[in-house]
Structures are given as C-alpha cells and as structure tokens.
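Have a look at the structure below, then the notes.
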Amino acid sequence: MPVLEMKDICKSFFGTYANRDVCLEVREGEIHALLGENGAGKTTLMNILYGMYQKDAGSITIDGHEIVFKSPKDAIARHIGMVHQHFTLVPTLTVQQNITLGLRDSGYPFSRERARCEHIDRLSDSYGLKTHSRTLVKKLSVGEMQRVEILKLLYRKAKILILDEPTAVLTPQESDHLFAMFKQLKAEGCSIIVITHHIQEVLDHCDRVTVLRDGCSISTVETKGIDAKQLSTMMIGRELVPVARERQNHHMDAPVLELVDFGFKRNGGKVGSVNLSLKQSEILGIAGVDGNGQKELLETLMGLRHHEKGKVVCCQQDISNASTAERRLAGIGYISDDRHRDSLVLDMGIAENLLLRPAQSTTTTQGRMVNKQCMLEQATRVVKEFSIKSHGLQEPMRFLSGGNQQKLVLAREFIGSPKVIIAFQPTRGLDIGATEFVHNQLLAMRSAGCATLLVSTNLEEILLLSDRIAVIHEGSIMDTIENKAVDITRIGLLMAGVKTEGAAR
Numbered sequence: 448m449p450v451l452e453m454k455d456i457c458k459s460f461f462g463t464y465a466n467r468d469v470c471l472e473v474r475e476g477e478i479h480a481l482l483g484e485n486g487a488g489k490t491t492l493m494n495i496l497y498g499m500y501q502k503d504a505g506s507i508t509i510d511g512h513e514i515v516f517k518s519p520k521d522a523i524a525r526h527i528g529m530v531h532q533h534f535t536l537v538p539t540l541t542v543q544q545n546i547t548l549g550l551r552d553s554g555y556p557f558s559r560e561r562a563r564c565e566h567i568d569r570l571s572d573s574y575g576l577k578t579h580s581r582t583l584v585k586k587l588s589v590g591e592m593q594r595v596e597i598l599k600l601l602y603r604k605a606k607i608l609i610l611d612e613p614t615a616v617l618t619p620q621e622s623d624h625l626f627a628m629f630k631q632l633k634a635e636g637c638s639i640i641v642i643t644h645h646i647q648e649v650l651d652h653c654d655r656v657t658v659l660r661d662g663c664s665i666s667t668v669e670t671k672g673i674d675a676k677q678l679s680t681m682m683i684g685r686e687l688v689p690v691a692r693e694r695q696n697h698h699m700d701a702p703v704l705e706l707v708d709f710g711f712k713r714n715g716g717k718v719g720s721v722n723l724s725l726k727q728s729e730i731l732g733i734a735g736v737d738g739n740g741q742k743e744l745l746e747t748l749m750g751l752r753h754h755e756k757g758k759v760v761c762c763q764q765d766i767s768n769a770s771t772a773e774r775r776l777a778g779i780g781y782i783s784d785d786r787h788r789d790s791l792v793l794d795m796g797i798a799e800n801l802l803l804r805p806a807q808s809t810t811t812t813q814g815r816m817v818n819k820q821c822m823l824e825q826a827t828r829v830v831k832e833f834s835i836k837s838h839g840l841q842e843p844m845r846f847l848s849g850g851n852q853q854k855l856v857l858a859r860e861f862i863g864s865p866k867v868i869i870a871f872q873p874t875r876g877l878d879i880g881a882t883e884f885v886h887n888q889l890l891a892m893r894s895a896g897c898a899t900l901l902v903s904t905n906l907e908e909i910l911l912l913s914d915r916i917a918v919i920h921e922g923s924i925m926d927t928i929e930n931k932a933v934d935i936t937r938i939g940l941l942m943a944g945v946k947t948e949g950a951a952r
C-alpha cells in the first residue's frame with residue numbers, strides 16, 4: 448500500500464487550471480521526484496498536500512485513510528513537512544527559536560530551551576547538517592538556512608518530506624550532501640518528494656519520477672528504466688533541438704565594448720580590476736565560482752556602483768561617468784541575475800513592464816503620456832514573438848512562471864536592437880524548455896550583430912554559447928581563452944586561482 452495517494456486532483460485560479468486530474472502515488476522509503484517545467488503545476492499540487500491550498504476536486508489518502516487538510520497545521524499533525532523554495536525563517540531569531548516557533552512544551556522556560564537546543568544539536572549531528580542551535584539565522588549562508596528548514600521538519604518528526612527546488616541555491620558539493628542525507632532518511636522509512644526541473648538530478652538520486660506538463664500528470668516511471676532524452680520529451684512534449692553555435696572569426700573586428708584597467712569595489716572592500724574587449728557578433732563568456740566579483744563588476748559596468756578607476760568604452764564612446772539610463776540609451780541591454788529585484792515590477796502587467804527601459808518608452812509615449820493603444824499593440828507582438836504564456840496583458844507578473852517572466856525581460860532588452868547585451872545568469876532557475884529558448888535568443892542576437900557579455904556560474908552554458916571564455920577569480924580576469932582551444936581541466940584550475948600558461952588570447 449502506498450504511504451500517499453493523490454487521485455484526480457483539480458485546482459484552478461481565475462478560471463484557469465493549475466492542476467487537472469493529477470495523480471500521484473508515493474511509497475514508503477523512497478525518493479520521489481515531481482518533474483516538470485516552470486508553471487507545470489508541481490508546487491500547486493504540493494501546496495494542496497501541505498494544506499496551503501484547498502483542492503477543487505479529487506482525493507488524498509495517507510496510510511489508507513482519506514483525509515482533508517484545511518491548513519498546514521493539519522498536515523504537520525499527520526507528519527507531513529514542506530521546505531518551500533523561498534525560506535520561511537525569522538533572521539533575528541536563533542536556529543532553535545525558528546525550529547520551535549509555535550510549539551508548546553511542558554516544563555520551565557530555561558530548562559525547556561536547553562532541552563530543545565540539545566535535541567536540535569543531536570539531530571543536526573546525526574544527519575551531518577553541521578548547524579548549531581544557538582546561532583542567529585541572519586548569520587547563516589543560504590545553504591545553512593535550508594538545513595534549518597530541514598531540521599524544522601525532522602524536529603516535528605515528519606515522515607513525508609516535500610522540498611521545492613532544493614538544489615537551486617546550493618553548490619554541487621552541498622547538493623551531493625543533501626541527497627546523501629535523503630538516502631539516510633529513506634533508509635529510516637521516510638518518503639521524500641523533490642520538486643525539480645533538473646533531469647540529471649532526478650536520474651542520479653531519485654527512485655521514481657512523476658512528470659507533470661501543463662497542469663496534468665503525464666506518467667510515473669522508475670528512474671532506472673529511463674534516460675534523460677525520454678524524460679525531457681515527456682516533460683516538454685517534444686524533443687529538444689540541440690543549440691547550434693556557428694563559429695565566427697572576430698580577430699579583425701573593432702571592439703564594441705572595452706573595459707580598460709576597470710576598477711570596481713567588491714563586497715568587503717577589496718578592489719577588483721579587469722581588462723576586457725567585446726566584439727560585434729561575439730559572445731564572451733565569463734566563467735567563475737559564484738562570489739568572485741561577478742555581480743559587483745556588472746553592476747559597476749552598468750553604473751549602479753561607482754567605478755574606482757579606468758574607463759568603459761562603448762562604440763568608441765567613453766561612458767565611464769554616464770548614468771545607468773545613459774548607458775542603456777548608448778545601446779547596452781542588461782539582464783540581471785535577480786529578475787524579481789532588478790528587472791520586474793511584480794504587481795504590474797506585461798504591457799507596463801515592457802515600458803521599463805528608456806529606449807522603449809519613446810515608442811509608446813506621447814510627451815509625458817503613455818499611448819495605451821500603442822503599448823498594448825507592442826505587448827501583443829512581444830507575447831506572440833517570445834511565446835509568453837499568461838492570462839492577459841494586464842495579469843500581474845508575480846502570477847507568471849519564472850520562465851515566462853524571464854522571456855519578458857529578454858524581450859524588453861532585445862526589441863530595442865541593442866549593440867551590447869550583458870546577460871548575468873540568464874537561465875538561473877529556469878527549466879530545460881525555457882533555458883533552450885533563452886539560449887536560442889542569445890544566439891539569434893549574436894547572428895544579428897549584437898555583442899554579448901555572458902556571465903554564468905554554469906560552465907556547461909558558458910562552453911555551449913561562448914566564442915571566447917574569460918575566467919574570473921577574486922575580482923580579476925585570470926585568462927581569456929578561445930572556445931575551440933578550451934581545456935576543462937585548465938578552466939577548473941583558473942577558477943580556483945591557479946595561473947596556467949599558453950592561453951589563446
């Protein structure tokens with residue numbers, strides 16, 4: 448008998464189905480993946496199981512008994528726990544206070560707190576989580592915060608653990624440790640449901656996988672009997688077309704963007720300095736471990752931070768002291784690594800968000816007034832051209848999937864025919880279908896003559912798209928290498944700060 452069975456679950460928002468007749472069966476002592484693109488209905492289904500949403504139809508059975516959860520409190524009482532993609536922690540409280548928030552124990556306050564801390568520390572040690580109960584949450588890294596969320600479930604003796612995109616904020620080493628802990632929990636009889644869109648992660652670590660597409664369950668299969676190509680086809684409903692990057696020779700081209708002895712202040716006060724040149728119809732990839740000055744470099748390049756020394760030249764024009772708006776008007780498009788913070792107004796619709804670029808607003812305004820008809824016509828064209836799925840041009844951006852939000856960001860930066868695109872982690876948090884779309888759009892802009900500075904911690908993405916690869920470490924460019932002459936071992940050494948010889952400049 449399965450420990451959990453969800454049958455014919457339906458849930459709609461504003462008349463549109465998020466889940467339609469979805470079925471899910473989870474066995475005791477298994478790691479079960481819930482795989483699908485952004486917007487496929489994975490998180491909605493798990494929010495129903497956790498009591499955050501109420502289903503419109505269908506049934507939920509746990510240990511053979513049909514149940515109805517009216518709130519997360521009901522789910523927790525049945526030993527179900529969920530770690531959301533965006534953590535629910537209070538930064539100013541300790542680890543212990545966050546874990547036990549809302550719980551009632553008998554005994555005197557001081558002895559009760561000591562007993563709680565000892566229990567949490569024992570749990571942490573037994574699962575190798577390395578988290579101290581008396582540490583303030585605001586002092587923890589993102590990976591450590593996730594461990595606190597997991598400890599919260601274990602402290603409440605959860606037997607069904609749900610994790611929403613658990614590896615999105617982790618390093619590869621932290622991800623491996625996380626799944627090693629899942630296997631330990633599995634051996635103890637717990638069932639783990641992992642919401643993800645990473646196919647290789649599913650094949651490497653999960654026992655079975657249920658695939659969702661457009662709000663419907665497609666199939667549930669054993670991972671040992673399927674490959675990545677089959678899963679991707681089930682996930683997006685078609686075969687992926689390999690991204691094709693034609694080789695081009697840029698040696699004779701004049702630089703479109705130059706950074707000359709460009710100094711920028713890194714977080715912590717250290718000053719980085721780089722020299723780079725970017726040519727027309729070229730993608731220059733910057734590879735490096737996250738936290739080596741990439742964000743500070745790009746924000747300084749865009750005028751969001753003060754530059755310490757050197758200059759920035761765009762199309763033979765010195766823009767070192769230009770404002771961010773002036774740099775954008777000079778022909779630079781910017782794709783931030785955090786679309787929610789930097790790129791979108793989440794309570795505004797598609798049409799309004801397309802106006803948030805100086806070069807675009809002139810085409811849809813008359814004086815200081817917005818030409819609404821022109822704005823809506825432009826938005827309609829963009830939605831069609833970039834295949835943006837929504838419930839209308841006025842739908843708030845917060846209700847669109849991550850992939851559709853990113854498509855709109857790309858559309859806004861691309862439709863003004865920029866000379867240079869700065870793309871910072873352009874596929875972070877996207878599924879394979881949306882990632883494929885972004886890659887093809889970047890290559891299409893390259894073919895149209897646009898120069899692209901691609902900064903990503905995803906080395907596979909850098910190798911796939913870049914004509915040349917620069918490696919950044921501690922705020923400095925270690926070397927710049929032609930992609931055709933790339934050596935992965937050498938790239939890895941450069942990323943670790945080890946200087947090598949014989950680079951192709």
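According to this note's numbering, the residues represented by the sequence shown are 448 to 952, in order. Just so you know, even glycine gets a beta-carbon here, dropped at the ideal spot from N, CA and C.
Here residue 452 carries a strand assignment [DSSP, helix/strand/coil]. The residue among 818, 644, 579, 728 with its C-alpha nearest the C-alpha of residue 483 is 644. Look at residue 681 here: in three-state DSSP terms it is helix. Ranked by how close their Cα comes to the Cα of residue 848, the residues 841, 924, 859, 836 have 836 in first place. Ranked by Cα distance from residue 638, the first of 621, 600, 850 is 600. Boundaries for residue 925: no alpha helix (DSSP H) harbours it, while the beta strand (DSSP E) harbouring it runs 923-929, taken from the DSSP string.
Apart from the 5 residues on each side of it in sequence, residue 584 sits with its Cβ closer than 8 Å to the Cβ of 536, 537, 538, 539, 540, 541, 542, 545, 592, 595 in its chain, given in chain order. Rounded to whole angstroms, residue 926 and residue 942 show a C-alpha spacing of 10 Å. Residues 703, 704, 725, 761, 778, 779, 780, 897, 898, 899, 900 of the same chain have their beta carbon placed closer than 8 Å to that of residue 867, with the five preceding and five following residues left out of the count. The bridge partners DSSP lists for residue 504 are 457.
DSSP places residue 546 in the uninterrupted alpha helix (DSSP H) bounded by 542-546. Taking the Cα of residue 589 as reference, the smallest distance to any Cα among 562, 532, 565, 568 is reached at 532. Looking from the CA of residue 919, the closest CA among 578, 501, 903 belongs to 903.
Residue 709 sits in a strand when the DSSP states are folded into three classes. A Cβ-Cβ distance of about 7 Å is found for the pair residue 879 and residue 683, placing them in contact under the 8 Å criterion.
Judged by beta-carbon spacing, residue 481 lies within the 8 Å limit of residue 640, meaning their Cβ atoms are closer than that value. The residue among 711, 497, 758 with its C-alpha nearest the C-alpha of residue 747 is 711. Listed in chain order, the non-local C-beta contacts of residue 843 below 8 Å within the same chain comprise 793, 794, 795, 796, local neighbours out to five positions each way being set aside. From the listed residues 909, 649, 922, the smallest Cα separation to residue 928 is found for 909.
Checking the DSSP bridge columns, you'll see residue 513 partnered with 508.
Pairing residue 727 with residue 889, the inter-Cα distance amounts to about 13 Å. In this structure, DSSP gives residue 752 a state outside helix and strand, which the three-state scheme calls coil. A buried status is given to residue 471, since no fewer than 16 other beta-carbon atoms sit within 10 Å of its beta-carbon. For the region 835-913, the full-length alpha helix (DSSP H) segments reaching 4 residues or more read 849-861, 879-894, 906-912 along the chain.
Taking the CA atoms as reference points, residue 650 sits about 12 Å from residue 626.
Secondary structure at residue 519: helix, using DSSP grouped into helix, strand and coil.
In the DSSP assignment, residue 599 falls within the alpha helix (DSSP H) that extends over 589-602. Boundaries of the beta strand (DSSP E) harbouring residue 527: 527-530, taken from the DSSP string. Counting other Cβ atoms within 10 Å of its Cβ, residue 841 stays below 16 and is therefore classed as exposed.
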